[in-house]
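Peer 1: I have a structure here, written as C-alpha cells, and I will follow up with some questions on it.
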C-alpha cells in the first residue's frame, strides 16, 4: 500500500484557491505542497483542459521533490518549474510568445535571476516560466535525460546550485546562462543577474494562470519510487522526461 498518497484539493475557481492559501501570487492557478504530498488546484467548469495541465505540472513538482529532497538545500526555481512545464508537453502559446519576444529583443532574464523565487508581476512571471522550460529543454536535448537524472541526484546530496552543475555538466550557473543563450542564437554575456524586463502582455491560450510549488521547510521521505509510480498512474501524460528519469532511477 502507499505510504503517502497524493491529496488533491480542487477549488471551484482560481480566486477561491487564492482565498484559501496564505500569501498567494495573483497568477497562481495551482500549488504543490510537495513535502506534504498535497496539491491544490483552482479549476472552474470552463477550464477543465487547463486543469489537466495544472495537475500535470503539480504532480511533476512532487516527483521532482521526491528525487531531490534533502535537509540542506532546495533546487533552483528554474529547474523545479522548468521540469514541471516540460512535463506538460507543449509550451503554452502565451509563454512561447513571451519567450520569442524576449529572444528577439535580446531581453532574456538571466538564469541566475530565475534561480530564486519568481516575481509577482504577471508578465515577468510568464517569461520566467517560459525561460525555465527553455533551459530544461536545452539541457535535455544537448546532454540527455541521464545527465538530468545525475543533476537531480546530485542536488539530493545537498549540493549548491553551482557545484551541482559543475559536477554534472562542467559549467556553473553563469556558464549555463551563456550556453543556453548561444543555443538561441544570442551572444553570451558576463555573469551579472539582470533585472526583470517588462514583457508584452498577450491573450492566453489557456487559463492564464500558473502552477507553482509552495516554499516551506523540507521534510525527508523514503518513498521515491512509490511517488514516481503514483504520478505515472494518475497521469500517464506527465511527460516523457519524467518517465525516463523514473526508468533511470530503477537501474
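Residue numbers (our numbering): 160 to 410. Cβ coordinates follow ideal geometry from the N, Cα and C atoms, glycine included. Everything numeric in this text was worked out from a predicted model, so none of it was measured.
(1) Which residues in the same chain as residue 175 place their Cβ atom closer than 7 Å to its Cβ, once the five residues preceding and following it in sequence are excluded?
(2) Taking 8 Å as the cut-off, decide whether the C-beta atoms of residue 292 and residue 245 are in contact.
(3) Residue 274 to residue 170, Cα distance in whole Å?
(4) Out of 242, 199, 194, 165, which one is the CA nearest neighbour of residue 181?
(5) Give every residue of the same chain whose Cβ lies closer than 7 Å to the Cβ of residue 231, excluding the five residues on either side of it in the sequence, and list them in chain order.
(6) Which value, in whole angstroms, describes the spacing of the CA atoms of residue 254 and residue 283?
(7) Looking only at its own chain, which residues have a Cβ that is under 7 Å from the Cβ of residue 236, when we skip the five neighbours before and after it?
(8) Mind checking who residue 200 pairs with in its DSSP beta bridge?
(9) Between the Cα of residue 287 and those of 311, 259, 313, 306, spot the shortest distance and give me the residue it belongs to.
(10) Can you give the Cα-Cα distance for residue 189 and residue 222, rounded to whole angstroms?
(11) Measure the CB-CB distance between residue 343 and residue 262 and report whether it falls below 8 Å.
(12) Could you check which residue in 294, 270, 314, 341 has the C-alpha nearest to that of residue 333?
(13) What are the start and end residues of the alpha helix (DSSP H) that includes residue 415?
(14) According to DSSP, simplified to helix, strand and coil, what is residue 231?
(15) If you reduce the DSSP assignment to three classes, tell me which class residue 340 lands in.
(16) Measuring CA to CA, which of 228, 300, 204 is closest to residue 195?
(17) Assign residue 322 to one of three DSSP states: helix, strand, or coil.
(18) CA-CA distance, residue 177 and residue 186?
(19) Assuming residue 184 contacts residue 289 under a Cβ cut-off of 8 Å, what Cβ separation, rounded to an integer in Å, is found between them?
(20) Quick one: what does DSSP say residue 259 is sitting in, helix, strand or coil?
Peer 2: Taking the coordinates as given:
(1) Here residue 175 refers to the residue found at position 16 of the chain shown. Counting only Cβ-Cβ distances below 7 Å, and skipping sequence neighbours, we find 201.
(2) Here residue 292 is taken as the residue at index 133 of the chain shown, counted from 1. Here residue 245 is taken as the residue at index 86 of the chain shown, counted from 1. Yes.
(3) Stepping through the chain shown from its first residue, residue 274 is reached at position 115. Stepping through the chain shown from its first residue, residue 170 is reached at position 11. Using only the alpha carbons, I get a separation of about 30 Å.
(4) Position 22 of the chain shown holds residue 181. Nearest C-alpha to residue 181: 199.
(5) Taking the chain shown and counting its residues from 1, the one referred to as residue 231 is at position 72. Within the same chain, residue 231 has close Cβ partners 317.
(6) Taking the chain shown and counting its residues from 1, the one referred to as residue 254 is at position 95. Taking the chain shown and counting its residues from 1, the one referred to as residue 283 is at position 124. Approximately 11 Å, taken between the alpha carbons.
(7) For the purposes of this step, residue 236 is taken as residue 77 along the chain shown, with counting starting at 1. For residue 236, where only same-chain residues beyond five positions count, the Cβ hits under 7 Å are 273, 274, 275, 276, 277.
(8) Position 41 of the chain shown, counted from the start, is the residue given in the question as residue 200. In the DSSP output, where bridge partners are listed per residue, residue 200 has 169, 189.
(9) Taking the chain shown and counting its residues from 1, the one referred to as residue 287 is at position 128. Checked all of 311, 259, 313, 306; the closest Cα to residue 287 is 259.
(10) Numbered from 1 along the chain shown, position 30 holds the residue referred to as residue 189. Numbered from 1 along the chain shown, position 63 holds the residue referred to as residue 222. C-alpha separation (whole angstroms): 16 Å.
(11) Start at 1 with the first residue of the chain shown, and residue 343 comes out as number 184. Start at 1 with the first residue of the chain shown, and residue 262 comes out as number 103. Yes, these two residues count as a Cβ contact at 8 Å.
(12) Here residue 333 is taken as the residue at index 174 of the chain shown, counted from 1. With distances taken between Cα atoms, residue 333 lies closest to 270.
(13) As displayed, the chain neither begins before 160 nor continues past 410, which places residue 415 out of reach and without an answer.
(14) Locating residue 231 in the chain shown gives position 72, counting from the first residue. Coil.
(15) Translated into positions along the chain shown, residue 340 becomes position 181. In this structure, residue 340 counts as helix in the three-state DSSP scheme.
(16) For the purposes of this step, residue 195 is taken as the residue at position 36 of the chain shown. It is 228 whose Cα lies nearest to the Cα of residue 195.
(17) Along the chain shown, one-based indexing puts residue 322 at 163. Helix at residue 322.
(18) Stepping through the chain shown from its first residue, residue 177 is reached at position 18. Stepping through the chain shown from its first residue, residue 186 is reached at position 27. Straight-line Cα distance between these residues: approximately 9 Å.
(19) In the chain shown, the residue the question calls residue 184 occupies position 25. In the chain shown, the residue the question calls residue 289 occupies position 130. Not confirmed; about 16 Å, so no contact.
(20) Counted from its first residue, the chain shown places residue 259 at position 100. Of the three classes helix, strand and coil, the one that applies to residue 259 here is helix, per DSSP.
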